[in-house]
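In what follows, a structure is listed as structure tokens, so that the remarks can point back to it.
2 protein chains.
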Amino acid sequence: MATPADNLPIREAQDRFVAVWGQMAGAWGISRTMAEIHALLYITGEELCTDDIMDRLQISRGNASMSLRSLLDWGIVLRAHKRGDRKEYFAAEQDVWTMFRAIVRERIKREVDPLLASLHEIKDISAAAGRGGGGDPAALKAHTKRLDDMLAFFETLETLGHRFVSPAGRGLRVAATLLATMAPRQSRRASSGVVVEPAEPVIDLETGALDGVDGGRS
Amino acid sequence: MATPADNLPIREAQDRFVAVWGQMAGAWGISRTMAEIHALLYITGEELCTDDIMDRLQISRGNASMSLRSLLDWGIVLRAHKRGDRKEYFAAEQDVWTMFRAIVRERIKREVDPLLASLHEIKDISAAAGRGGGGDPAALKAHTKRLDDMLAFFETLETLGHRFVSPAGRGLRVAATLLATMAPRQSRRASSGVVVEPAEPVIDLETGALDGVDGGRS
DNA sequence: CAATAGTTTCAATCATTTCTGAAAGTCGAG
DNA sequence: CTCGACTTTCAGAAATGATTGAAACTATTG
Chain L
1 MATPADNLPI REAQDRFVAV WGQMAGAWGI SRTMAEIHAL LYITGEELCT DDIMDRLQIS
61 RGNASMSLRS LLDWGIVLRA HKRGDRKEYF AAEQDVWTMF RAIVRERIKR EVDPLLASLH
121 EIKDISAAAG RGGGGDPAAL KAHTKRLDDM LAFFETLETL GHRFVSPAGR GLRVAATLLA
181 TMAPRQSRRA SSGVVVEPAE PVIDLETGAL DGVDGGRS
Chain W
1001 MATPADNLPI REAQDRFVAV WGQMAGAWGI SRTMAEIHAL LYITGEELCT DDIMDRLQIS
1061 RGNASMSLRS LLDWGIVLRA HKRGDRKEYF AAEQDVWTMF RAIVRERIKR EVDPLLASLH
1121 EIKDISAAAG RGGGGDPAAL KAHTKRLDDM LAFFETLETL GHRFVSPAGR GLRVAATLLA
1181 TMAPRQSRRA SSGVVVEPAE PVIDLETGAL DGVDGGRS
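Line order of the protein sequences matches chains L and W.
Taken in order, the first sequence gives residues 1 to 218; the numbers are from the working numbering.
Taken in order, the second sequence gives residues 1001 to 1218; the numbers are from the working numbering.
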């Protein structure tokens, strides 16, 4: 696989890709090394062993080992073995949408779920405040509404995420592509009365109305 | 506004909310203080001045000032003034969806756009590699595909984000709610209302099958 | 325009996260 | 069981990022 004197420009492109991915790391709340290792595995498309990675990225064995383990936990890097070789090799998931599904799945699990749990707890505390009497009922009501709004948002987010992640959720990939691809509808009558719209896309982006979702398999 | 002897349980709920939000901060790539200030402003629903915030959150003036400025930049906290008071007050955007639209808008601008720019640059480098001859053409082709897949994903993401953020994008809010709300198995037709013959693509949410559009490859 | 009230900046400090490297652990083969 | 090849762990070291506090700045007021 690895050409002895490799194609230098491609290698440069790979290095740039790794660097760019590494930059993103901060914003996504993972360590730079983790992102770089993942980038390297993705962009080379090869199965690499720990030493390959250490060499190319100039990092310590410990760092490589731990980051790799995290990547495995996230499910975006997979173990691979080569016959007659005792070393472990690693490869990145090559399908971009599968990869992001894995990321969404993990982030829901690690961030949204605990957050929802906490918000519910807080709601309970607040309800107790109500029963305890004492406070201004209007203030309590407003407080509760704020909590509920937030809760509703994250519940929608979670459901949406689950849809995206679920095996059947392939659909959402297509839905996403579609929503992104479809020509945006110029808004004409924003809020003026009933809407009777021409035969166009399934989801009316303006009103959110859903027309004739007709599981049409062809 | 501030009741002299405030309702203690509500205050506890607020503190918990602030703490939870602060925890999330790491995952979202912003500082804890920033998240806490935002949480405080959101959950109290009040207009607070720098000193209020310093007191309640036990942070320094400098920290408060800088964090507040960032929140203003993100557009999720707004300046407010009280008549006859020289101080500046701050208030969090109270509509949750508006707030997240602002966040999405900023993240696209700060993360996705630069990423896309870099990816395009990298593509150019790679193309140069092709013209320079030398390398294995098959390898180059595979490399280019990997780049293109990634690019396509983020371009979809960006378009989707813009839709969500745009004024007309209110629709996406509804679409999101809908997608999240709709029972996964029953995608027969919109419960009621106008039924229009879809002349255009139709998504089968169940299988992901798409009529009239190329659903994409793996 | 001087005094005052409020806000911003920034070098220094502090806290947290990430990384290293060597030691301990695992596992298969002989 | 012992050796050797490989992997994981973990206590510091190093790097990075957040926070402070006091000085500089800006705007308002009498």
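Ideal Cβ placement from N, Cα and C applies to all residues, glycine included.
Only a predicted model underlies this, so the values are computations on that prediction, with no experimental measurement involved.
Here L/E158 is near L/I108, since their CB atoms are less than 9 Å apart.
The closest CA to that of W/I1122, considering only L/E88, L/R16 and L/N7, is found on L/R16. Shown here, L/R86 sits in coil according to DSSP, grouped into three states, outside any helix or strand. The beta-carbon of L/L8 is placed less than 9 Å from the nearest beta-carbon of chain W.
W/H1162 and W/V1104 have their C-alpha atoms some 9 Å from each other. By the CB criterion at 9 Å, L/K87 and L/D55 fall outside the cutoff.
For W/R1079, the uninterrupted beta strand (DSSP E) segment begins and ends at V1077 to H1081. When C-beta distances to chain L are compared with 8 Å, the residues of the segment 1130-1146 of chain W below that value are G1132, G1134, G1135, D1136, A1139, L1140, A1142, H1143 and R1146, in chain order.
Not a single CB atom of chain L sits nearer than 9 Å to the CB of W/I1108.
Around the beta carbon of L/R101, 16 or more other beta carbons sit within 10 angstroms, so the residue counts as buried. The alpha-carbon separation between W/H1120 and L/A13 amounts to approximately 11 Å.
Between the alpha carbons of W/L1057 and W/I1037 lies a distance of about 8 Å. The alpha-carbon separation between W/A1128 and W/R1032 amounts to approximately 44 Å. With fewer than 16 other CB atoms across the displayed protein chains lying within 10 angstroms of its CB, L/P167 is exposed. With a beta-carbon spacing of about 7 Å, W/I1010 and L/A139 fall inside the 8 Å limit used to define contacts. C-alpha of W/V1112 to C-alpha of L/G130: approximately 44 Å in a straight line.
Judged by pairs of C-beta atoms under 8 Å, the segment 1090-1098 of chain W touches the segment 1035-1049 of chain W, as three or more such pairs exist. In this structure, W/M1034 lies near W/S1067, with their beta-carbon atoms less than 9 Å apart.
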